[in-house]
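Below: the structure, in structure tokens.
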């Protein structure tokens, strides 16, 4: 950098470092902004962000004559603005010496002796509190590394946490994390040297960041769902319509499962009911305004006058909002900014790094695919144990668990034999008997049942639950055995294991440290939170007294003499509730997973197996389907044209220009909506034949495609056949 002479590229500390080859200049953005003898005299697209090249060179020459009072080297471009103070320093040196740089108005700098400090009333209590951003403890002492909220009493932050959040949230969303105040909070933080960039929040700039909000929650979370068609079944205007929690909207129930007679009745999930009952507002809960301190009327801005050094516009920002001050050289004076303010979440999620690039995302996906290929090879090796002798399971799809349990417990069942599935339901018997598709269908239904059974608890990432009846009937062992058999015999993987459960199975429970997210019981989670977030020793001891019986039953009672003892207590409760409490089911489950040597391979290749046990299958793409099917090569011109039609059809399906999906195509040929971890046997193939319509041969996993003269004919026949075949099968 021509100002500070340093090579470090640290945007959080020094601003973005850019090299302008045409001018032979390398500059830290903050070094340029804080230089005392330069003003922004050009337009935004002139020079370097409005600073003219001639002005920059003059400032570099001026600073070259000044010695830094910190490092004793020449080039000190920043000076303290306090009267009679003649100290000069480099911007990075000033950061190390805890100087204050104000990124507003005249961009003033204050040395370590004259810097502004926060005044704390003497009557305020001193001690430690929790930084509401990183949740670590912070000393309630005014110092450079610690800042106090101007709008909330006893709310303290780490300076570094505030700076990261300001860079992530930008000027439109940076506000107090407790009371949501924006104007007063930003003004104080700017005074104390926090840089608030003029840009939109990083999460607002992320592509499709809010795509999940467009999806409506459709799942019954009642412990014993009565619907025979599953927890995800939703039939409007019937007793099987799903009603969502009126408070959080993230839990649901079938009307019949909660004995509700009409849609108009309100329903609350157990989590919200517990919170409301403990707060005493269960019957009169009211919605509050998102940000009571926000004012939408008038033209009130943080700073209403223009600045000689305007922070540059963010490329992602769609607004022309400027920090302004009296010595502006620009004609664009924006005074009204209330219409630019946007509503913000009560809890601003801080991103400590810029928005993840598409390149990093694709690298992660590529790594996941590599892990799954490794698993496929491992499972194929394990499948060599399976011989040609067959064992038949009679399965009733309306009671999948009972019939599967009966089949696995029968005397002649042997996991090393080839499994045949005979569906006893008359509707589908003729369609699927003696095919790989019937086995796929059976294992899919079985994994879906296990995910929603009483053996597991949690939302998406699940741990083992404690079910005493299941322990007596040895169901945990059977569940583990079923998962192992599904993996080796070509069925799907569970895909719902939590990291904690997976680590317990692979490394042993004694080496695993559970987290609060692993606690599914709402009351237990609330108790842990009350202990974890206690602000004083008195509050901690009071909380322990209130839950004395629970702690005694868990064997977690311990003498509490200081506030930091809560950390050990929280760990003890988590280990008891998530691990020790279910140690017997866990051991039975482990024994079941040893079937066909699956657990041993999990322990040898943990990263690979984590990709299928803790993650759902990758969403299908045209490229995936293309790579999956082997096309029987031929020099026939019709076949070559057919390949082009096939590739074009996959692209149309992927882009939504077809009535079918890629999953429908895969199911039409193989009977599976996703690629099983072991892959397909036999390998899916494509043949081009003189047929009127396409045929999916599930015995051979072969797709026989018609030869047509035009692509429109090919697409019409594919759409019509696959759609009708799937409709008949569903009926």
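In the UniProt record's numbering, the protein residues as written are 1 to 731. No residue lacks a Cβ here, since even glycine has one placed at the ideal position from N, Cα and C. Note that the structure is a prediction, hence the values are computed from the model and not measured.
Taking every protein chain shown into account, the CB of residue 666 has 16 or more other CB atoms within 10 angstroms, so this residue is buried.
When secondary structure is reduced to three states using DSSP, residue 151 falls in the coil class, being assigned neither helix nor strand. Inside the segment 595-647, DSSP marks whole alpha helix (DSSP H) runs of 4 or more residues at positions 598-604, 606-613, 622-628, from first to last along the chain. Bridge partners of residue 146 according to DSSP: 143, 158.
Pairing residue 688 with residue 700, the inter-Cα distance amounts to about 15 Å.
Spatial neighbours of residue 372 in its own chain (CB-CB distance under 7 Å, excluding positions within 5 residues in sequence) are listed in chain order as 611, 612, 677. Residue 190 places its beta carbon less than 8 Å from that of residue 196.
Around the beta carbon of residue 583, a 10 Å sphere encloses fewer than 16 other beta carbons of the protein chains shown; the residue is thus reported as exposed.
Sixteen is the threshold: when 16 or more other Cβ atoms of the shown chains lie within 10 Å of the Cβ of residue 698, as they do, the residue is buried.
Per DSSP, the continuous beta strand (DSSP E) segment holding residue 244 begins and ends at 242-244.
Going by DSSP, residue 696 is part of the beta strand (DSSP E) stretching over 695-697. Residue environment: residue 19 is assigned as exposed (fewer than 16 neighbouring CB atoms within 10 Å of its CB, all protein chains considered).
The beta carbon of residue 419 is closer than 7 Å to those of 391, 393, 439, 489 in its chain, skipping five residues each way along the sequence. Residues 117, 118, 120, 148 of the same chain have their beta carbon placed closer than 7 Å to that of residue 142, with the five preceding and five following residues left out of the count.
In this structure, DSSP gives residue 412 a state outside helix and strand, which the three-state scheme calls coil. Per the coordinates, the alpha-carbon of residue 552 lies some 55 Å from the alpha-carbon of residue 681. Considering only 84, 464, 679, 4, the residue with the shortest C-alpha distance to residue 64 is 4.
Under DSSP, residue 252 shares a beta bridge with 244.
By the criterion of a C-beta distance shorter than 6 Å, residue 404 is surrounded in its chain by 446, once the five residues flanking it on both sides are discounted.
Residue 651 and residue 547 have their alpha carbons spaced roughly 59 Å apart. In the structure shown, the three-state DSSP call for residue 417 is coil.
Around residue 660, the same chain offers 653, 719, 722, 723 as residues with beta carbons nearer than 7 Å, after the five sequence neighbours per side are excluded. Residue 138 places its beta carbon less than 8 Å from that of residue 158. The beta carbons of residue 245 and residue 220 sit no closer together than 8 Å. Put simply, the backbone Cα of residue 387 is about 27 Å away from that of residue 673. In the three-state scheme derived from DSSP, where H, G and I count as helix and E and B as strand, residue 79 is classed as strand.
Ranked by Cα distance from residue 417, the options 200, 596, 690, 89 are led by 596. Between residue 567 and residue 378, the C-beta gap is not smaller than 8 Å, which leaves the two residues out of contact.
Between residue 254 and residue 226 the beta-carbon gap is near 7 Å, inside 8 Å, which marks them as a contact. Per DSSP, reduced to three states, the secondary structure at residue 65 is coil, with no helix or strand assignment. Ranked by Cα distance from residue 646, the first of 604, 707, 615, 599 is 707.
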